[in-house]
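Here the structure comes first, spelled out in structure tokens, and everything after it is commentary.
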Amino acid sequence: MQQHPFQISRKIEYGMRAMIFLASQPMDRTVPFREIARRMDVPEDFLAKILKTLVERNMVRSTRGAHGGYALARPAREVSFLDVIEAVEGPVVVNVCQDGSSHDSCKATGSCTMYGVWKLGQQRMLEVYRHATLDRLAMSDLRVPEPAPESPTRPAAESRRVE
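First residue of the sequence shown: 1, per full-length UniProt numbering; consecutive thereafter.
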């Protein structure tokens, strides 16, 4: 299957799924790796590599041991879609002339009529990704259900049978 040039990679998609899942959890909850993979339908081998990258980029923290797993390294409201994309794949570049190097690197510099369009397209796309934060993307159905409160016990006088 061929990927469309403007299609988001599986790596980005799976990284985003993992981050949205973690954003849906309480900050103090560490989630086991296999739970993230299962709940977000991400292949375990691929997820392991992505999580390693996210840990290296300080987006996620990992804890080892019996109660180990993963959690966001900072609050979800401080992590943008763009932060995750760039942590997983590097800087977003629509066209080589937008890669941060000099506009002079292009052979058609003097007569290029596309440069402004590519630049505007990239700016608008980055603006959308920059303003979409994980707290807005967290999914309520991924949250761990709160434990049900214990039913109140009846006072002894009420629980006696009246005969």
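All residues carry an ideal CB built from backbone N, CA and C; glycine is no exception.
Smallest Cα separation from L54: which of S24, V117 and E86?
Per the Cα distances, E86.
Just verifying my parser: in three-state terms, what is the DSSP assignment at T30?
Coil at T30, not helix or strand.
Work out the CA separation of G15 and V93 for me, nearest whole Å.
The alpha-carbon atoms of V93 and G15 are separated by roughly 18 Å.
Quick one: which unbroken alpha helix (DSSP H) runs of 4-plus residues sit fully inside the segment 40-119? Chain order, please.
Entirely contained in the segment 40-119, the alpha helix (DSSP H) runs reaching 4 residues are, in chain order, 44-56 and 81-89.
I need the boundaries of the alpha helix (DSSP H) containing F21, first residue and last residue.
Run containing F21: R10 to A23, per the alpha helix (DSSP H) assignment.
Sort L120, L72, R10 and R38 by Cα distance to I20 and report the nearest one.
That would be L72, whose Cα lies nearest to the Cα of I20.
If you draw a straight line from the C-alpha of Q121 to the C-alpha of D28, how long is it?
The question names Gln, but residue 121 is Gly in the sequence shown. Near 39 Å, if we compare the C-alpha coordinates of D28 and G121.
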